[in-house]
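Its first residue numbered 1, the sequence shown is counted upward by one per residue in the UniProt record's numbering. All C-beta atoms in this analysis are idealised placements derived from N, C-alpha and C, irrespective of residue type, glycine included. Inspection log for the structure reproduced underneath, given as structure tokens.
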Amino acid sequence: MIDVSDVSKRFVLHNQGGAVIPVIEGASFSVRPGECVALVGSSGAGKSTLMRMIHGNYLAASGSIRVGGTDVARAEPREILKLRREVLGYVSQFLRVVPRVPTIDVVAEPLTTLGVDPDAARARAAALLARLNIPEPLWALSPTTFSGGEQQRVNIARGFVHDYPALLLDEPTASLDATNRAVVLDLIRAAKARGAAIVGIFHDEAAREAVCDREIDVTGFAARRAA
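Structure (structure tokens):
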């Protein structure tokens, strides 16, 4: 479902005279349907860079990144947007939404964008918000006013509201208490059970051990830099 093959990435620092910083070389791995794989490695090793390339936020310098039938490394922007709507979900650490949009509509949006009946989409969103212990009086408010932990749970609800065949999870249990952490782990297990291919970054070692089938140490993909 997710196939990363011989991928490299370098950054060009235009404000530093065009200096080129190689970051990743030769990254290759696959994630099967129903499998959760953790990206591990020290801070700065390239975990987030690799995840952003899979999501299409960063353009790979070489290689291929296939998610379903789409090569993200070569796809047109409209193809990547379609992939994100239908196939590739993403739970980030940070909430990025249009201000003043009610929380329940923020969570329901991935479904309404796909043409799901608005009432059905809101019902699904409400069920997830309740499961993640977001108080119902808050559903009509913008999540931009919420605490960090509440915003994280809104991100999670939005990421799981549609049954994406592939999921990217960036620290999904960060900022959560034990109760909500357990809910998130159950959501990940359920996604695996229905066949989702999942790539995650988990600094929470216990959470990683609870839901991940294997680990990929991205240190092995570190680009060699001139001395």
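Judged by their CB atoms, ARG66 and TYR58 are not nearer to each other than the 8 angstroms cut-off. Taking one beta carbon from each stretch, the stretch 173-180 and the stretch 146-165 have 3 or more pairs nearer than 8 angstroms; the two touch.
Partner residues in the beta bridge of LYS9, as assigned by DSSP, are ILE24.
Within the stretch 166-207, the complete beta strand (DSSP E) segments of 3 residues or longer fall at 166-170 and 197-201, listed in chain order.
Looking only at LEU88, THR49, GLY44 and ILE134, the smallest Cα-Cα distance to ALA191 is reached by LEU88. With fewer than 16 other CB atoms across the displayed protein chains lying within 10 angstroms of its CB, THR113 is exposed. With contact defined as three or more Cβ pairs closer than 8 angstroms, the stretch 16-34 and the stretch 207-225 are in contact. For the stretch 61-134, the continuous alpha helix (DSSP H) assignments of 4+ residues that do not extend past its boundaries occur at 77-86, 103-113 and 118-131, in sequence order.
The beta carbons of ALA123 and PRO165 sit no closer together than 8 angstroms.
With respect to ILE134, GLU171 sits apart: the two C-beta atoms are not nearer than 8 angstroms. Burial state of SER48 is buried, judged by a 10 Å Cβ sphere holding 16 or more other Cβ atoms.
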